[in-house]
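Beneath this line is the structure, given in structure tokens, with notes to follow.
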Amino acid sequence: MTGPKTLDDLYAAFDGLHMEGGWHRKFPALWPVPEENFLPYIWRYGDVKPILEAAGELVSTEFAERRNLTMRNPVEGNRYATVRTMVAAYQMIKPGELAKAHRHTPNALRLILDGHGTYTTVNGTRVEMRPGDVLLTPNWAWHSHESVGSEDCYWLDFLDVPAVHLLEPMFFERHPDGLESDPVDADTSDIAFRWEDSVKGLEQSTDTADGMCQSQIELGNPALDTIRLYMQRLAPKTSTRRMQTTANSVFAVVEGSGQTQVGDETIPWARGDVIAVPGWRPYQHTASEDAVLLRVTDKPIYEKLGWLREEVS
Ligand code: GTQ
Ligand code: FE2
1483 MTGPKTLDDL YAAFDGLHME GGWHRKFPAL WPVPEENFLP YIWRYGDVKP ILEAAGELVS
1543 TEFAERRNLT MRNPVEGNRY ATVRTMVAAY QMIKPGELAK AHRHTPNALR LILDGHGTYT
1603 TVNGTRVEMR PGDVLLTPNW AWHSHESVGS EDCYWLDFLD VPAVHLLEPM FFERHPDGLE
1663 SDPVDADTSD IAFRWEDSVK GLEQSTDTAD GMCQSQIELG NPALDTIRLY MQRLAPKTST
1723 RRMQTTANSV FAVVEGSGQT QVGDETIPWA RGDVIAVPGW RPYQHTASED AVLLRVTDKP
1783 IYEKLGWLRE EVS
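Shown next as structure tokens:
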């Protein structure tokens, strides 16, 4: 026998071939339940708005193309993502500004916070962006944003860019002409969920999402290949049940105020805030007053792959 004679020699031989014995790994490959990696965290609109306003003075859309401010989860080593598969951003556009057309494989959606007179054009359809509206920009759809009004317009972006980073099907291109030609105006569109329709839907809905809200409606089914969206109304001074799910969520506060318990943390929130709730962290909400949350979740990924596990207690 000419092979290694001692355990140390054996492991050195493995190492020389870029291999590792399953029984003496430096890092485990399997563990009993999901690890806690990404951290629960909140970004407050009240903190962000003045900074975006300043960016409005210092950074033009000529220079930046998108005046967007992404929310980086504070977990050590993270460079970009808000939760494992998704990134959220605040974006602002000023009167007369244009964010030129481009397209990319990441799916995106926006929730409008403030301002009127801004339009987004998605694959040739131009729709107005009004507060409370949710607008979709699916995989590879051309999109541009343009202000023709007199108010600064603020919104939230949510994209599955980190999922694309993980799986690597990234493609991105700018429109050769900067803008799509001859867009058609539309007030109703497959890519637009209007706030007034959400309000009506929430009034009529009897779906309580297993006690996770007073009522919820789903926007789309799913809204995007990788993302499901739910508008959830919370009853004042009432705690929801506790949810634990392998899927990640980012909540945006559309209306009202309250707090969310995630793991051991209690996170108070108000309109325009964004809360990162990473997978498998038990969470429950308590509204102080009538509140509406937009839940943005990567649940379709887990559903499709057979990895969705949910428990409500
Ligand atoms: O508005 O097209 O926050 O492409 C990140 C990437 C917004 C957008 C973001 C984007 C956009
Ligand atoms: Fe984009």
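Position one of the sequence shown corresponds to residue 1483 (my numbering), numbered consecutively onward.
Here a beta-carbon is modelled for each residue, glycine too, at the ideal position from N, C-alpha and C.
Fair warning: this is a prediction, and the values are worked out from it, not measured in the lab.
Please classify K1508 as buried or exposed, where buried requires at least 16 other C-beta atoms within 10 Å of its C-beta.
Within the sequence shown, residue 1508 is the residue found at index 26, counting from 1. So K1508 ends up on the exposed side.
The ligand FE2 and A1729: does the residue's C-beta get closer than 7 Å to at least one heavy atom of that ligand?
What you label residue 1729 is simply residue 247 of the sequence shown in a count that begins at 1. Within 7 Å of the C-beta of A1729 there is not a single heavy atom belonging to the ligand FE2.
Mind pulling the alpha helix (DSSP H) runs of 4 or more residues that sit fully within the stretch 1491-1563?
Correct list: 1527-1540, 1543-1546.
The beta strand (DSSP E) spanning A1590 covers which residue range?
By 1-based counting over the sequence shown, the position of residue 1590 is 108. Note, A1590: beta strand (DSSP E), 1590-1596.
Where does D1679 fall in DSSP's three states?
Indexing the sequence shown from 1 puts residue 1679 at position 197. In the structure shown, D1679 sits in a helix (DSSP, three-state: H, G or I).
Measuring only from the beta carbon, is A1590 closer than 7 Å to any heavy atom that is part of the ligand FE2?
Translated into the one-based positions of the sequence shown, residue 1590 becomes position 108. It does: the Cβ of A1590 is within 7 Å (strictly closer) of some heavy atom of the ligand FE2.
CB contact flag (P1782, D1707, <8 Å)
Residue mapping note: residue 1782 aligns to position 300 of the sequence shown, counting from 1. Residue mapping note: residue 1707 aligns to position 225 of the sequence shown, counting from 1. For P1782 and D1707, yes; Cβs fall inside 8 Å.
Between D1642 and the ligand GTQ, is the CB less than 7 Å from at least one heavy atom?
Working through the sequence shown from its first residue, we reach residue 1642 at position 160. Between the ligand GTQ and D1642, a heavy atom-to-CB distance of less than 7 Å is absent.
Looking only at its chain, what residues have a beta carbon closer than 6 Å to the beta carbon of Y1784, apart from the 5 residues adjacent to it on each side?
Taking the first residue of the sequence shown as 1, we reach residue 1784 at position 302. Excluding sequence neighbours, Y1784 sits near T1728, A1729, L1790.
Proximal residues to R1676 (C-beta, below 6 Å), its chain only, five neighbours per side dropped:
Position 194 of the sequence shown, counting from 1, holds the residue named residue 1676. Contacts found: D1615.
For V1630 and G1599, which I take to be in contact (beta-carbon distance under 8 Å), what is that distance rounded to the nearest angstrom?
Here residue 1630 is taken as the residue at index 148 of the sequence shown, counted from 1. Here residue 1599 is taken as the residue at index 117 of the sequence shown, counted from 1. Correct: roughly 6 Å between the Cβ atoms.
Nearer than 7 Å: is that true of the beta carbon of H1657 relative to any heavy atom of the ligand FE2?
Taking the first residue of the sequence shown as position 1, residue 1657 is located at position 175. No, the Cβ of H1657 stays beyond 7 Å of every heavy atom of the ligand FE2.
What number of angstroms, rounded off, separates the C-alpha of F1640 from the C-alpha of H1584?
Counting from 1 along the sequence shown, the entry for residue 1640 is found at position 158. Counting from 1 along the sequence shown, the entry for residue 1584 is found at position 102. Roughly 16 Å separates the two Cα atoms.
Check whether the Cβ of H1625 sits closer than 7 Å to any heavy atom of the ligand FE2, and report yes or no.
Along the sequence shown, one-based indexing puts residue 1625 at 143. The answer is yes for H1625.
Cβ of H1584 versus every heavy atom of the ligand FE2: is any distance shorter than 7 Å?
Here the question's residue 1584 lines up with position 102 in the sequence shown. Under cutoff, so the answer is yes.
Apart from the five residues on each side of it in sequence, which residues of its chain come closer than 8 Å, Cβ to Cβ, to G1606?
Here residue 1606 corresponds to residue number 124 of the sequence shown, with the count starting at 1. Excluding sequence neighbours, G1606 sits near W1624, E1662, D1664, P1665, V1666.
Answer yes if the stretch 1718-1726 comes into contact with the stretch 1692-1710, meaning at least three C-beta pairs across the two stretches below 8 Å, and no otherwise.
As far as the Cβ criterion goes, the stretch 1692-1710 touches the stretch 1718-1726, which means the pair count is three or higher.
When the Cα of A1563 is compared with those of L1701, A1717, P1760, T1768, which residue comes out closest?
Residue mapping note: residue 1563 aligns to position 81 of the sequence shown, counting from 1. Comparing alpha carbon positions, the residue from L1701, A1717, P1760, T1768 closest to A1563 is P1760.
Drop a sphere of 10 angstroms on the beta-carbon of Q1714, count the other beta-carbons inside from all chains shown, and report buried for 16 or more, exposed for fewer.
For the purposes of this step, residue 1714 is taken as residue 232 along the sequence shown, with counting starting at 1. Answer is buried; the Cβ neighbour count reaches 16.
Using only the heavy atoms of the ligand GTQ, determine whether one of them is closer than 7 Å to the beta carbon of Q1573.
In the sequence shown, counting from the first residue as 1, residue 1573 sits at position 91. The ligand GTQ has a heavy atom closer than 7 Å to the beta-carbon of Q1573.
I'd like to check one pair, S1687 with I1699: are the Cβ atoms closer than 8 Å?
Taking the first residue of the sequence shown as position 1, residue 1699 is located at position 217. Taking the first residue of the sequence shown as position 1, residue 1687 is located at position 205. In this structure, I1699 lies near S1687, with their beta-carbon atoms less than 8 Å apart.
Go through its chain and collect everything with a Cβ distance to G1578's Cβ below 7 Å, but skip five positions before and after it.
As a working mapping, residue 1578 is identified with position 96 in the sequence shown. If you ignore the 5 residues before and after G1578, its C-beta comes within less than 7 Å of the C-beta of S1629, all in its own chain and listed in chain order.
Whose C-beta lies closer than 7 Å to the C-beta of V1646 among residues of the same chain, with five residues either side of it excluded?
Taking the sequence shown and counting its residues from 1, one reaches residue 1646 at position 164. Take V1646, set aside five residues on each side of it, and the residues of its chain with a beta-carbon closer than 7 Å to its own are T1587, P1588, M1652, in chain order.
By Cβ distance, which residues of its chain are closer than 6 Å to L1595, with the 5 residues on each side in sequence left out?
For this step, residue 1595 is matched to residue 113 along the sequence shown. In the same chain as L1595, and ignoring 5 residues on each side of it, the C-beta atoms closer than 6 Å to its own belong to Y1636, W1637, G1754, in chain order.
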